Every structure is written in structure tokens, then in C-alpha cells.
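Enquirer: One structure is given below, represented as C-alpha cells, and several questions about it will come after.
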Amino acid sequence: MNNILVQVDKYMHEALKSKLPEVSSADLEKDGAVFYMNGKNGTAFDWFVNEHFPCFFIFYGDKENLGAVKATLYSDGRLSVYVFGDKGHADAEEVTYTVEADADQLLRLAAFLTDNADEKKIWDADIRDLPEGDICDEQSVRVFLDSEKYYMPMIERRKLWDKTAIVSKKVRAEGWKICFGIRDEPTRDGDSGWYFGVGNEPENYANDADNLELWKVGSVLMFEPALNELISAPYGTLIIRVDHDKFEIESPEKDILIEKRES
Numbered sequence: 001m002n003n004i005l006v007q008v009d010k011y012m013h014e015a016l017k018s019k020l021p022e023v024s025s026a027d028l029e030k031d032g033a034v035f036y037m038n039g040k041n042g043t044a045f046d047w048f049v050n051e052h053f054p055c056f057f058i059f060y061g062d063k064e065n066l067g068a069v070k071a072t073l074y075s076d077g078r079l080s081v082y083v084f085g086d087k088g089h090a091d092a093e094e095v096t097y098t099v100e101a102d103a104d105q106l107l108r109l110a111a112f113l114t115d116n117a118d119e120k121k122i123w124d125a126d127i128r129d130l131p132e133g134d135i136c137d138e139q140s141v142r143v144f145l146d147s148e149k150y151y152m153p154m155i156e157r158r159k160l161w162d163k164t165a166i167v168s169k170k171v172r173a174e175g176w177k178i179c180f181g182i183r184d185e186p187t188r189d190g191d192s193g194w195y196f197g198v199g200n201e202p203e204n205y206a207n208d209a210d211n212l213e214l215w216k217v218g219s220v221l222m223f224e225p226a227l228n229e230l231i232s233a234p235y236g237t238l239i240i241r242v243d244h245d246k247f248e249i250e251s252p253e254k255d256i257l258i259e260k261r262e263s
């Protein structure tokens, strides 16, 4: 088995023994096998967008089959391990480790898992079912790195997630939907450049700070998921709502739709 996966397996069982010494291998699925949970988005998505591998899990072996241990291995070698007591119903207790591997070895593991798990459709599988060895040739690494271009819109959204946006108070206070947005050059660290409003604000409304709120871009996207596709648009972009769940870049032939949220 790949040396990094051996360490993941070791640390997950070490955390389980430390936090839940009463749990034996007989209580776990396949006697405590570690499963690579790549079935949702795949290795490349999580590596490039979220900067970690898909999660690893050890499951309880009862009918509910809930998680006993979850591990997230980050691209910098950090390993966050979460242990769930009460057959998976208790809140997680976290233990943090660092795997012995450099950046190149972690990248090669990502390429290896893409070739030998994702591409071969070995989904959410026992890591012992993966091929033996640590070898990943240069061509596989180049192909893997080239795949980053497919995730660039999502990578850009992730970079914006914790930055701030200015939002008209009419959105939260009066129940209006966000119906337009304009992105300017940021004026301070952590600023996305976005201003979101309704479109029915009085003239000079946005000039009064009392009429404005600072939101995280992530909160804006949760509030209005339809903005996802355009949130990384370049500076100078003006977008408008053209349908109940659709925004487009503003143009003379398009009309803005202004509406309230359903109560």
C-alpha cells in the first residue's frame, strides 16, 4: 500500500483507540477497514478546489453503518481525524496529525488515486483494494496537473468565499431578493469588490453607510445560489436578475427582474 495511505490508516486507528478504547474491530465494518470516499466529486476536484483529498472513513458495522472515524488529508500534509462515539451519533472529537510526506509525494498520491481509483471507477472503496506500490509516472502527474484548468471557476469561487461584499440593507430588512450586483476594484484587504442591491433603492442610497451591510461572499452565495456562476466575474462587471433563479451580465436589451422573497 502507498506509504501515505499506510500512515492515514495508522493514525485513524490510533485516534479511535485513544478516544474510544471500548470499540473493537468487531464493532466496525470489515474489521475497521479504511474507505476512500471519492464517489462524490473525485480526487482532482477536492485536490484543486478544496486543497485536500476526498475524506477517508472507518464505519461502524451495525445496521445504521454510520461513521466511526473520518479523516481529511490536506495538500500540505496535515491530517485532521474526527472520532464519533455513540455508534456515530455523538459529536466528533478531533485529533490532528502530520503525515511524513513532502509536497511532491502528496501530489503523486493524488495522481495515483486518480488513475487507480477514480479512472477505474473504484468508488468509496477499501483502500486495501487499491493497487500495491507507490509508483506514479511523470505522464500521470502531468495529466493530473493539466486537469486543474477544468476547476478554475470553482477555485476562483473558493478564493472569494471568505472575502466581503457590500449588500443593501433592503435585502435583509425588507425581504427583497438580490437583483443586481456590480464588481469594482477592491479598496481594502479581504474585499471582493462586489456590491449587491435590489434595484429599487432611492438615489444616493448606497452613499450612506447606514444603508449597507458587510456580508461574507459565502453567505451571499448561500442566500442566493444563482449568483454562483458569475461571482468570479472580472472587475467592472454589472449583473442583473433576469429570471427567478438566473442572473446575466447587464446589457441594453435585458430587463432587470425585481422581486421579493417568498415569505
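Counting from 1, one number per residue, gives the positions in the sequence shown under the UniProt record's numbering.
Each residue gets a CB set at the ideal place from its N, CA and C atoms; glycine is no exception.
Since we're looking at a predicted model, the values are computed, not measured.
Cβ of Asp86 versus every heavy atom of the ligand MN: is any distance shorter than 7 Å?
Expert: In terms of ligand content, the structure shown is empty, and the ligand MN therefore cannot be addressed.
Enquirer: Give me the Cα-Cα distance between Pro54 and Ala110, rounded to the nearest whole angstrom.
Expert: 10 Å
Enquirer: Alpha carbons only, please: which of Asp191, Pro153, Lys254 and Glu259 is nearest the one belonging to Gly175?
Expert: Gly175 has its Cα closest to that of Glu259, out of Asp191, Pro153, Lys254 and Glu259.
Enquirer: Got a sec, what are the start and stop residues for the beta strand (DSSP E) Gly197 sits in?
Expert: Asp191 to Gly197
Enquirer: Exposed or buried, what is Asp9 when buried is set at 16 or more other beta-carbons lying within 10 Å of its beta-carbon?
Expert: It is buried - the Cβ of Asp9 has at least 16 other Cβ atoms within 10 Å.
Enquirer: Under 8 Å, do Val49 and Ala15 count as touching if we go by C-beta distance?
Expert: no
Enquirer: Is Arg78 helix, strand or coil when you go by DSSP?
Expert: strand
Enquirer: In the DSSP assignment, what are the bridge partners of Arg241?
Expert: Phe247
Enquirer: Secondary structure at His13, three-state DSSP: helix, strand or coil?
Expert: The DSSP-derived three-state label of His13 is helix.
Enquirer: Return helix, strand or coil for Ala103, following the three-state DSSP convention.
Expert: helix
Enquirer: Counting Cβ pairs, one atom from each stretch, are 3 or more of them under 8 Å apart for the stretch 165-183 and the stretch 120-138?
Expert: No: the two stretches stay apart, fewer than three of their Cβ pairs being nearer than 8 Å.
Enquirer: I think Leu66 touches Phe56, with their Cβ atoms under 8 Å apart; what is that distance to the nearest whole Å?
Expert: With 8 Å as the limit, Leu66 and Phe56 do not qualify as a contact, their Cβ atoms being about 15 Å apart.
Enquirer: Going along the chain, which residues of its own chain have a beta-carbon closer than 6 Å to the beta-carbon of Asp115, five neighbours each way excluded?
Expert: Ser140
Enquirer: Out of curiosity, what's the CA-to-CA distance linking Tyr195 and Leu160?
Expert: 14 Å
Enquirer: Any idea what DSSP makes of Phe53, helix, strand or coil?
Expert: coil
Enquirer: Check for me: the beta strand (DSSP E) holding Val167 runs from which residue to which?
Expert: Thr164 to Ser168
Enquirer: For the candidate residues Thr72, Glu229 and Arg188, whose alpha-carbon lies nearest to that of Phe247?
Expert: Answer by Cα proximity: Glu229.
Enquirer: Tell me which residues share the same chain as Glu100 and place their Cβ nearer than 7 Å to its Cβ, disregarding the 5 neighbours each side in the sequence.
Expert: Gln7
Enquirer: Nearest CA to the CA of Ala26: which residue from Ser80, Glu119 and Asp62?
Expert: Asp62
Enquirer: Using the rule of at least 16 other Cβ atoms within 10 Å of the residue's Cβ for burial, across every protein chain shown, is Lys254 buried or exposed?
Expert: Exposed is the call here.
Enquirer: Report, in whole angstroms, the separation of the C-beta atoms of Ala206 and Gly193, which I expect to be a contact under 8 Å.
Expert: Rounded, the Cβ-Cβ distance is 14 Å, inconsistent with contact.
Enquirer: As a quick exercise: from Asp76, Lys87, Ala71 and Ala103, pick the residue whose alpha carbon is nearest that of Glu94.
Expert: Nearest of Asp76, Lys87, Ala71 and Ala103 to Glu94, Cα basis: Ala71.
Enquirer: Can you tell me whether Gly32 is buried or exposed, with buried defined as 16 or more other CB within 10 angstroms of its CB?
Expert: buried
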